[in-house]
Amino acid sequence: MTVADPAIRAAAWELRLATSATAEGVEWHGRSMEPFFREGDGVGIKPVAWDDIAVGDIITYRLEDKFPTYRVVKKRPHKLILAADHWPGRIFRVWPEDVVGRAESRLRDGRRIDRRSPEWRLTARRVQLRNLARTALHRARRRAGDVRRRGEAARALRTTGLSEIPDSLQIGISNPCNLACRMCPYLEVHDSDRGLMTLETFERFVPILPYLGNVHLSGFGETLLNKNILAFVDRIREVNPKITIAVTNNGTLLREPIARGLIEHGVDRIIVSLDGATAETVESIRLGVNFAEVIENVRRLAEIKRELGRTKPVIRFNYMVGYGTYRELPELVRLAKRVGVGELRLLEMQPATEADTVDNLLNNLERDGGESLREAVKLADHYAIHVELPTTNEGRCLHPQTPHISADGEVFPCCYLAYDRTLFSQGREVKLPSMSFGNAQSEDFFRIWDREEYRAFRRQNRDGQFSEACKACYETRIPTSRRLAERF
């Protein structure tokens, strides 16, 4: 596979014009590739065919009006993984259509070396060995973590007498909401009498918390409407100091007092749902929202975090793709950088009708070949913002490992089956009936979780033996996951 020569020549010429030209090609600026490239070095960059690129090469690619240049640490059939010699841990993803050229020579203090010289090759080899060592260390730490978690799980099983431990818990503490989002399947629930979770109901789930690694406070409505939220956070932290606590909200109520409280009480991740990067788009989807106020709330949250000298919470945008939001992905990354957001998670819209599928993520990827998403990912790498793309396990579903708890204590296998809803899948509308395995207000959560019917349901989903409702949900999500895996 090669990149068209005219396009490469144009890009290379553009590069020379955009930087300080030297006899060697372009003048190097910055510290990203020290000590191999230093400020003021002359770097010769020439067009390169995709098939000729190898691990260890130094590649220049186009990012808006910039031309980052890093070393190849991995090569996939459809993309490169680059890294900067001077910035351990940072990676940059690049696709064939973005490659401008390859560094072929360096001029420093009147001395020139080229890519075939022993010095150049030795440096490339040293960097490769260093990266291999880092990869081996990362894998060793991951294996050690897996061993530790298995040990903790075994101890938890012995202590609780359960057959297995939930992966985590998603606790919906609020049904009411102050918005009416176009894609929300829970609008009727917002007016239901199931209301806000009480401290008494929350206490029914406390016994399982010491054995979990994560807990997520969310809801079918707006989480911050529940005034007990800081009390919930304190109770979680009291029984399990090491647990990771996440809170999802729509950003409208994330004003200074509660923002400061969430930080000071030790929340690890604050997730703000934001569908669009402009006021026009967001306010047409999240009906009732004031885009400017939400963005100011997020900016102030990040500012308070800096003032307090905290590394936590990580601030994340949850971003639903649909109704025109796909085209704003690059602008979303720029917005995240401006206001201090460190993570972006893209969500697939769960379609209720055929019309919902027209502008979904999969169809947008097909329409523009993934260009907008590719640009967003490159920008995110540049700004050190983590992007999480939708992923569906092939032939299995692990959602039931993370039970969803409603505000009144009902235990559901996932949020998709917590209320009756309609899903458009495989060219037809499928009814997804709610599926509760019990209510913790009237019986012990351990008993609900270990009930044979629930255990069987989890086994079936792990093995891909889906019910009609679960199969429809899986078949809706898996094509997008496959498409993303092919290119991203």
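Under numbering that gives the first Met the number 0, the sequence shown has 236 at position 237, and the numbering climbs by one with no breaks. Even for Gly, the Cβ is constructed at its ideal location relative to N, Cα and C.
Item, Value
"Three-state secondary structure (DSSP) at Asn460?", "helix"
"For Gln349, is the classification buried or exposed, using 16 other Cβ atoms within 10 angstroms of its Cβ as the cut-off for buried?", "buried"
"Which of the three DSSP states, helix, strand or coil, is assigned to Glu474?", "helix"
"Check Leu361 in the structure and name its three-state DSSP category.", "helix"
"Distance check for Tyr318 and Ile284, CA to CA, integer angstroms please.", "12 angstroms"
"Which value, in whole angstroms, describes the spacing of the CA atoms of Ser371 and Val281?", "18 angstroms"
"Work out the CA separation of Leu422 and Lys65 for me, nearest whole Å.", "43 angstroms"
"On the DSSP bridge assignment, give the partners of His385 in chain order.", "Glu342"
"Please specify which runs of the beta strand (DSSP E), each continuous and at least 3 residues long, are wholly inside the stretch 178-240, giving them in chain order.", "213-218"
"Beta-carbon of Glu202 versus every beta-carbon of chain D: anything under 8 angstroms?", "Absence of chain D from the displayed structure is noted, only one protein chain being present."
"At a cut of 8 angstroms, does the stretch 344-363 reach the stretch 292-311 through at least three beta carbon pairs?", "no"
"Taking the beta carbon of Arg148 as the centre, do at least 16 other beta carbons fall within 10 Å, making it buried, or is it exposed?", "exposed"
"Report the residue ranges of all beta strand (DSSP E) runs contained in full by the stretch 268-356; include only those spanning at least 3 residues, in chain order.", "268-272, 313-320, 342-347"
"Looking only at C-alpha atoms, which of Arg446, Arg395, Val126 sits nearest to Tyr473?", "Arg395"
"Decide if the stretch 429-436 is in contact with the stretch 193-207; the criterion is three or more beta carbon pairs, one per stretch, under 8 angstroms apart.", "no"
"Just list the beta strand (DSSP E) runs in the stretch 365-438, keeping only unbroken ones of 3 residues or longer that don't cross its boundaries, in chain order.", "385-387, 420-424, 427-431"
"Could you pull the DSSP bridge partners for Tyr69 from this structure?", "Ile58"
"Hey, is the stretch 171-189 in contact with the stretch 219-233, meaning 3+ C-beta pairs nearer than 8 angstroms?", "yes"
"Can you have a look at Gly308 and say buried or exposed, based on whether 16 or more other CB atoms are within 10 angstroms of its CB?", "exposed"
"Reducing DSSP to helix, strand and coil, say where Gln169 ends up.", "strand"
"Residue ranges of each beta strand (DSSP E) run of no fewer than 3 residues wholly in the stretch 137-166, ordered along the chain?", "none"
"Using only alpha-carbon positions, find the residue among His77, Asp113, Asp51, Val99 that is nearest to Asp40.", "Asp113"
"What's the call for Arg337, buried or exposed, on a 16-neighbour Cβ count within 10 Å?", "exposed"
"Please report the Cβ distance between Val297 and Ile270, rounded to the nearest whole angstrom; I am assuming they are in contact, meaning their Cβ atoms lie under 8 angstroms.", "Not a contact, Cβ separation roughly 11 angstroms."
"Return the residue from the list His28, Arg101, Tyr453, Gly144 that minimises the CA-CA distance to Tyr60.", "Arg101"
"With DSSP as the reference, label Leu128 as helix, strand or coil.", "helix"
"Quick one: Cα of Gly144 to Cα of Asn392, how far?", "22 angstroms"
"Give the range of the alpha helix (DSSP H) segment to which Glu263 is assigned.", "255-263"
"Please identify the residue among Pro46, Tyr453, Asp367 whose C-alpha is closest to the C-alpha of Glu163.", "Tyr453"
"Ends of the alpha helix (DSSP H) at Ile447?", "444-448"
"Could you tell me the alpha carbon to alpha carbon distance between Pro184 and Ser405, rounded to whole angstroms?", "15 angstroms"
"Quick one: is Val357 buried, meaning 16 or more other Cβ sit within 10 Å of its Cβ, or exposed?", "exposed"
"By a C-beta neighbour count over all protein chains shown, 10 Å radius and 16 as the cutoff for buried, is Asp443 buried or exposed?", "exposed"
"Quick check: what's the CA-CA separation for Ser480 versus Leu106?", "45 angstroms"
"Measuring straight from C-alpha to C-alpha, what distance separates Val232 and Asp380?", "32 angstroms"
"For Asp50 versus Arg70, is the C-beta spacing smaller than 8 angstroms?", "no"
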